[in-house]
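Down below is the structure, laid out as structure tokens.
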Amino acid sequence: MGDKRENRVEQIVNDLLRGRRLKLRPGDAEDKEAIIMAARLSAARQGPQRMTPAFRQRLSRQLESAPREGLLTRRAALVAGLGVAAGAVGGSILGRSLQLDHAPSPASASVVRPANGRWFDVGSLDDFQPGEAKLVKAGAVGAFVVRQGDSVSAVSSMCSDLPCELWWNNQSDMLVCPCHNRTFTAGGKSNDDWRYPLPSLDVVMARVNDGRVEVLGV
Amino acid sequence: MNAPDQPSKAGAAGGEVVQLPAAPRATDIAIDELEMVYAFIYARVGNRADAEDLTQQVALKAIPRLRQGAPASAIRGYLFATARSVLGGFWSVRLGLSVSELHDDLAMVTPTGEYSEETAERAQRILAALSDNYRHVLELRFLHGYSLKEVAAEMRSTVGAVKVMQLRALRAAAKVRLDG
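Chains as they are written, first to last, in numbering that gives the first Met the number 0: chain A, 0 to 217; chain B, 0 to 179.
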């Protein structure tokens, strides 16, 4: 009896209706839709919830004592592809600071200009199809390169919102962030009509040199 | 090593110091915004303990990266983006599935305007799209808090049959796609 799905789901429903924490097992994935719906309906019964004063105070205290990140934000470091070595490399991202309140001007992209940068050969121009963004690595800098005729342009491979590497969806011709499904054009412009606008992707320097595509990295 | 012919190294060497919040103001705004995030998360996990844990994760991930002076709208947008990511991770870990496998089930559209009515209204619309029996069992169980026995008595059925119907009703409810 215990193996029957209806019994297992009832156990989860019962826990939810008693306000208990969700305790799931990998086998529950079979009924993921039903379980997620049960959680939503359970919440609906209780109406809109507010933080308890105790939790709010605890959260406030934690935030006040939380360590601040370094001079560069994590995203800045990732955009530059520098990871934990961000501070040591001293690259700069000019044209737009990485603050969140720049959202009202999403079209203004900044340019990744790594200090001590150098050009990386990332392939022959023939390897790049016009209009298709191709992911390349110029040392520590990840970029999507797009060919336009005999020239190329490139944008950072990192989402401008969350620190996640984008992927190219060749069905929709969009760059997609796997973390929250925000999309960008191949040129790096935020493509969504969401409640809050996103900055464009940072521009990575790229050029064609003797039939070879080169990207400025570090 | 080839020096890049553009930009000049002199132009790139300046660096930029991004001012991070030291004063409590951005935190204060964020705490207020976190009320909405908490309600958003609670509506998706259905219990306080998990909602508190996840809200805390959102706060600790997002707030140290907010800039002092950022407007509330930008803070809210960032907090909700982080909340979606954290919720995706929560279900992914609990169910042992990748986030991409869960994408259609999570349907995490950022709420518009005030949040208070969204959850209940959405639930009512989902229930309204179900057959009478399925709607009845879920209404009794979830909205009125009946026990299985009470539902069985109300529906003149057995506890076993109600359990099966509850599972089928939840599956059917999950398939309902609401506009907007």
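Even for Gly, the Cβ is constructed at its ideal location relative to N, Cα and C.
- Query: Going along the chain, which residues of the stretch 34–62 of chain B sit with their C-beta nearer than 8 Å to a C-beta in chain A?
  - Reply: E34, Y37, A38, Y41, A42, R43, V44, G45, N46, R47, A48, D49, A50, E51, T54, Q55, A58, L59, I62
- Item | CB of K31 (chain A) within 7 Å of CB of L94 (chain B), strictly | The count along the first sequence starts at 1 and reaches residue 31 (chain A) at position 32. The count along the second sequence starts at 1 and reaches residue 94 (chain B) at position 95. It is a contact, given that the beta carbons lie within the stated cut-off.
- So what's L166 (chain B) in DSSP terms, helix, strand or just coil? In the second sequence, residue 166 (chain B) corresponds to position 167, counting from 1. DSSP places L166 (chain B) in helix when its eight states are reduced to three.
- Report the neighbours of D27 (chain A) on chain B: residues whose CB is nearer than 7 Å to its CB, in chain order. Indexing the first sequence from 1 puts residue 27 (chain A) at position 28. Near D27 (chain A) (Cβ distances below 7 Å), the residues of chain B are L94.
- Query: Distance, Cα to Cα, I62 (chain B) vs S159 (chain A)?
  - Reply: Your numbering for residue 62 (chain B) matches position 63 in the second sequence. Your numbering for residue 159 (chain A) matches position 160 in the first sequence. Going by the C-alpha atoms only, they are around 17 Å apart.
- Item | The beta strand (DSSP E) enclosing L215 (chain A), as first and last residue numbers | Residue mapping note: residue 215 (chain A) aligns to position 216 of the first sequence, counting from 1. Where L215 (chain A) is concerned, the enclosing beta strand (DSSP E) stretches over 211–216.
- Closest by CA to A153 (chain A), which one among A:L215, A:D27, A:N169? Counted from its first residue, the first sequence places residue 153 (chain A) at position 154. Measuring from the Cα of A153 (chain A), the nearest candidate turns out to be A:L215.
- Task: Kindly list, in the order they appear in chain B, the residues whose Cβ is closer than 9 Å to that of D160 (chain A).
- Result: For this step, residue 160 (chain A) is matched to residue 161 along the first sequence. Result: G76, Y77, A80.
- Please name the residue in A:P52, A:L15, A:Q61 whose C-alpha comes closest to that of A43 (chain A). Position 44 of the first sequence, counting from 1, holds the residue named residue 43 (chain A). Considering only alpha carbons, the answer is A:L15.
- Query: Counting along the chain, where does the alpha helix (DSSP H) carrying D52 (chain B) start and finish?
  - Reply: As a working mapping, residue 52 (chain B) is identified with position 53 in the second sequence. Start and end: 47–61.
- Residues bridged to N168 (chain A) [DSSP beta-bridge criterion]: The count along the first sequence starts at 1 and reaches residue 168 (chain A) at position 169. According to DSSP, N168 (chain A) bridges with A:M173.
- Just curious, the alpha helix (DSSP H) that A137 (chain A) is in, first and last residue? Position 138 of the first sequence, counted from the start, is the residue given in the question as residue 137 (chain A). Per DSSP, A137 (chain A) belongs to no alpha helix (DSSP H); it is in the beta strand (DSSP E), 133–137.
- Message: Looking only at its chain, what residues have a beta carbon closer than 7 Å to the beta carbon of L161 (chain A), apart from the 5 residues adjacent to it on each side?
- Response: Position 162 of the first sequence, counted from the first residue, corresponds to residue 161 (chain A). Excluding residues within five positions, the ones whose Cβ falls inside 7 Å are C176, C178, H179.
- Task: Could you have a look at P129 (chain A) and say whether DSSP puts it in helix, strand or coil?
- Result: The count along the first sequence starts at 1 and reaches residue 129 (chain A) at position 130. Of the three classes helix, strand and coil, the one that applies to P129 (chain A) here is strand, per DSSP.
- Query: To the nearest angstrom, how far is it from the Cα of N169 (chain A) to the Cα of D201 (chain A)?
  - Reply: Looking up residue 169 (chain A) in the first sequence gives position 170. Looking up residue 201 (chain A) in the first sequence gives position 202. Approximately 21 Å, taken between the alpha carbons.
- Is L166 (chain B) close to chain A, meaning its C-beta is less than 7 Å from at least one C-beta of that chain? As a working mapping, residue 166 (chain B) is identified with position 167 in the second sequence. Yes, L166 (chain B) lies at the interface with chain A (some Cβ there is under 7 Å from its Cβ).
- Keeping to the same chain, check which residues put their C-beta closer than 6 Å to that of Y41 (chain B); ignore five residues upstream and five downstream. By 1-based counting over the second sequence, the position of residue 41 (chain B) is 42. Within the same chain, Y41 (chain B) has close Cβ partners A50.
- In chain A, what lies closer than 7 Å to K162 (chain B) by C-beta? One-based indexing of the second sequence puts residue 162 (chain B) at position 163. Under the 7 Å cutoff, chain A gives E5, N6, E9.
- Query: Is there a Cβ from chain A that is less than 7 Å from the Cβ of A151 (chain B)?
  - Reply: The residue given as residue 151 (chain B) occupies position 152 in the second sequence. No, its Cβ sits nowhere closer than 7 Å to a Cβ of chain A.
- Message: Using DSSP's beta-bridge definition, name the partner residues of M157 (chain A).
- Response: Here residue 157 (chain A) refers to the residue found at position 158 of the first sequence. DSSP, once it has assigned bridges, lists A:E164 as partnering M157 (chain A).
- Query: Checking contacts by CB at 7 Å: is R83 (chain B) closer than that to chain A?
  - Reply: Indexing the second sequence from 1 puts residue 83 (chain B) at position 84. R83 (chain B) counts as touching chain A.
- Query: Can you name, in chain order, every residue of its own chain whose Cβ lies under 7 Å from the Cβ of A122 (chain B), other than the five neighbours on each side?
  - Reply: Reading the second sequence from its first residue, position 123 is the one you call residue 122 (chain B). So the list is empty, once near-sequence residues are dropped.
- Per DSSP, cross-strand counterpart(s) of T182 (chain A): Walking along the first sequence from the start, residue 182 (chain A) turns up at place 183. DSSP, once it has assigned bridges, lists A:V175 as partnering T182 (chain A).
- Simplified DSSP assignment, three categories, for R146 (chain A): Here residue 146 (chain A) is taken as the residue at index 147 of the first sequence, counted from 1. Residue state, collapsed to three classes: strand.
- Item | Span of the beta strand (DSSP E) around R117 (chain A) | Walking along the first sequence from the start, residue 117 (chain A) turns up at place 118. Counting along the chain, the beta strand (DSSP E) containing R117 (chain A) begins and ends at 117–123.
- If you draw a straight line from the C-alpha of V121 (chain A) to the C-alpha of T184 (chain A), how long is it? Position 122 of the first sequence, counted from the first residue, corresponds to residue 121 (chain A). Position 185 of the first sequence, counted from the first residue, corresponds to residue 184 (chain A). Cα to Cα, the separation comes out at about 21 Å.
- Task: Ignore the nearest five residues each way along the sequence and tell me which others in S97 (chain B)'s own chain have a CB closer than 8 Å to its CB.
- Result: Counting from one through the second sequence, the residue named residue 97 (chain B) turns up at place 98. The answer, listed in chain order, is S91.
- Could you tell me whether the Cβ atoms of D169 (chain B) and M36 (chain A) are closer together than 7 Å? Along the second sequence, one-based indexing puts residue 169 (chain B) at 170. Along the first sequence, one-based indexing puts residue 36 (chain A) at 37. The sequence given here has Leu at residue 169 (chain B), not Asp. Against a cut-off of 7 Å, the Cβ pair of M36 (chain A) and L169 (chain B) comes out as a contact.
- Three-way DSSP call (helix, strand, coil) for G95 (chain B) in this model: Reading the second sequence from its first residue, position 96 is the one you call residue 95 (chain B). Looking at G95 (chain B) - three-state DSSP - the assignment turns out to be coil, as it is neither helix nor strand.
- Query: Residues in the stretch 42–58 of chain A with C-beta within 9 Å of chain B's C-beta atoms, listed in sequence order?
  - Reply: A42, A43, R44, Q45, G46, P47, Q48, R49, M50, T51, F54, R55, R57, L58
- Using the Cα positions of M35 (chain B) and R146 (chain A), report the straight-line distance between them to the nearest angstrom. Counting from 1 along the second sequence, the entry for residue 35 (chain B) is found at position 36. Counting from 1 along the first sequence, the entry for residue 146 (chain A) is found at position 147. Whole-angstrom Cα-Cα distance: 43 Å.
- Item | C-alpha gap between S199 (chain A) and P113 (chain A), whole angstroms | Indexing the first sequence from 1 puts residue 199 (chain A) at position 200. Indexing the first sequence from 1 puts residue 113 (chain A) at position 114. Each residue's Cα considered, the two are about 19 Å apart.
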